[in-house]
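Contents: one structure, followed by commentary.
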Amino acid sequence: MADIVAEINKIPPVTRFLVLSSLGVTIPAIVGFVSMHKLVFTTHLVTKEWEVWRAYTSLFFGTTGLGYLFHLIMLYRNSNSLETTHYERRSSDYAWQLFLASLGIIALNRPFSSVVHDHAFLNCLTYLMCALAPPGAQTSVMGLITIPVKYFPYALLAIDVLNGRASESLSGMIVGHLWWWFVWGAGTGAGGVEQGRFAGLALAPRWLRGLFGEHEGERRATNRGGYQVHAPRQRAEQAAGGRATGYSWGSGQRLGSS
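Reminder that position 168 of the sequence shown reads as 168 in UniProt numbering, one-by-one numbering, no gaps.
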């Protein structure tokens, strides 16, 4: 048991929270411990009955059966890739930006009366990860065709159109694009730092940094009037010795889809 806990603790904190939340919300519903109707987002129950937990559970519940396994794997891989490279030693910023993105996903899905947001949440992470991927990186779609990584979210959208999940997929992509555009800045790829219009607002508040044990003084001042984040691992290690570690896209790596 101690070994299992030790392995879990090796996972970056935000990614660990997302994975455990997914398991904690979905597994009890699958085995019947919790009614699925208690987990979905219903506007009048949230706003009038104050069942605010539904906003949280709707982000992690929705996929069941064998599809849930692929969903969980993609959630872990996508989040872990972001947190260990672009948000290395900045988990508080990652958590804060995820929180804002989650609010955007829920708001954007209100016209569609969506009751679950897990697929949109995953697509949002996928879009940001692909937008920040190294130039020229490629991946395979279901092991059938190889395409540039930046087009992978659109391939998933095409699959979701065939599966009747276009609105969920599209809403996640829209929020992911806004996240990339306004925080990281258009044209910013792997190895860059946030330079979007709202990059300063996307920095975690002081109380949240304290929860993660991070300190304001660890960031360098910038001409943005705020703070400059630590460079991702890839840029830092290249500057130190010409080596790069972290998430490697490779050629023809399969990401799959849920």
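Glycine included, every Cβ here is placed at the ideal spot set by N, Cα and C.
When DSSP labels each residue in this structure, what does residue i get in the three-state scheme?
i      : result
THR43  : helix
THR146 : strand
PRO12  : coil
LEU18  : helix
TRP53  : helix
GLY210 : helix
Taking residue i as part of the alpha helix (DSSP H), name the residues at either end of that continuous run.
i      : result
THR126 : 118-131
ALA199 : Where ALA199 is concerned, there is no enclosing alpha helix (DSSP H), given that its DSSP letter is neither H nor E.
ASN9   : 2-9
MET173 : 166-179
HIS71  : 66-84
ASP186 : A small fix is needed here, since residue 186 is Ala in this sequence, not Asp. From DSSP, ALA186 is part of no alpha helix (DSSP H); its letter is neither H nor E.
PHE99  : 91-108
Which residues in the same chain as residue i place their Cβ atom closer than 8 Å to its Cβ, once the five residues preceding and following it in sequence are excluded?
i      : result
VAL52  : VAL46
ILE105 : LEU59, HIS117, ALA120, PHE121, CYS124, SER171, GLY172 and VAL175
Among the candidates the options, whose CA atom is the shortest distance from the CA of residue i?
i      : options                           : result
MET36  : ARG77, GLY62 and LEU18            : GLY62
ARG197 : ALA204, TRP184 and TRP207         : TRP184
PRO153 : ARG54, GLY176 and ARG16           : GLY176
LYS150 : LEU144, ILE159 and SER140         : SER140
TYR127 : ARG77, TRP180, MET1 and TYR68     : TRP180
LEU98  : LEU211, LEU203, GLY213 and VAL193 : LEU203
LEU132 : ILE8, GLU194 and ARG206           : GLU194
PRO109 : TYR76, CYS130 and ARG165          : The amino acid at residue 109 is misidentified as Pro; the sequence shows Asn. Per the Cα distances, ARG165.
ASN78  : LEU178, ARG206, ARG16 and ASN9    : ARG16
For residue i and residue j, which I take to be in contact (beta-carbon distance under 8 Å), what is that distance rounded to the nearest angstrom?
i      : j      : result
VAL40  : VAL116 : 6 Å
ALA155 : ILE147 : 6 Å
Which two residues bound the contiguous beta strand (DSSP E) that contains residue i?
i      : result
ARG139 : The question names Arg, but residue 139 is Thr in the sequence shown. Taken as a continuous stretch (DSSP letters only), the beta strand (DSSP E) holding THR139 covers 138-141.
In chain order, what residues of the same chain lie with their CB nearer than 6 Å to the CB of residue i, ignoring the 5 residues before and after it?
i      : result
SER169 : ASN123, LEU157 and ASP160
Using a Cβ-Cβ cutoff of less than 7 Å, which residues in the same chain neighbour residue i once the five nearest sequence positions on both sides are dropped?
i     : result
ILE30 : THR64
Between residue i and chain B, is the shortest Cβ-Cβ distance under 9 Å, so that the two count as touching?
i     : result
ARG16 : Chain labels in this structure do not include chain B; a single protein chain is all it has.
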